[in-house]
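The sequence shown runs 530 to 629 under my numbering. What follows is one structure encoded as structure tokens, with my remarks underneath.
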Amino acid sequence: MIIKTIDLYDFRRAFSDYDRANQFSYEGLEALFEWLDELSTDTGTPYELDVIGLCCEFTEYSDFSEIQETYSLTDIESIEDLRDYTSVIEFDGGIIIQDF
């Protein structure tokens with residue numbers, strides 16, 4: 530196994546290389562990168578970048594009401610409720626959640 534450490538620029542570039550540059554906003558990609566980096570540090574396990582997997586597993590929303598519309602059949606009434614279901618990445622300009 531070969532592990533390559535990447536920075537935010539390389540992370541964004543990987544999405545562009547896979548023709549997924551518009552999957553997340555500029556700010557959203559930064560938030561996702563920082564979240565994955567922190568998760569990797571906290572667990573001590575390197576994260577293997579899978580652009581397509583991330584695009585299938587995570588969705589960016591502009592605000593919480595958009596999430597409530599998408600998951601209208603659930604009892605989610607707050608961000609705290611949402612955290613009971615999934616990973617939530619809040620950033621200035623939106624919210625990314627791990628789909629469930």
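Even glycine gets a Cβ: it sits at the ideal position worked out from N, Cα and C. On a predicted model such as this, the values are computed, not experimentally measured, just so you know.
* May I ask you to report which of helix, strand or coil DSSP gives Glu606? => coil
* With 16 as the cutoff for other CB atoms within 10 Å, does Phe629 come out buried or exposed? -> exposed
* Asked: Would the segment 616–627 and the segment 588–603 be scored as touching if the rule is three or more Cβ pairs under 8 angstroms?
  -> yes
* Is the beta carbon of Leu561 sitting closer than 8 angstroms to the one on Leu537? -> no
* **Three-state class that DSSP yields for Thr534 in the structure shown** => coil
* **N- and C-terminal bounds of the beta strand (DSSP E) containing Gln597** => Gln597 -> not in any beta strand (DSSP E); alpha helix (DSSP H) instead, spanning 593–599.
* Proximity winner among Phe593, Val580, Leu565, relative to Gly573 (alpha-carbon distances) -> Leu565
* To do: To the nearest angstrom, report how far apart Gln597 and Leu611 are at their CA atoms.
  => 9 angstroms
* Taking Val617 as the reference, which of Pro575, Asp539, Leu568, Leu578 has the closest Cα? -> Leu568
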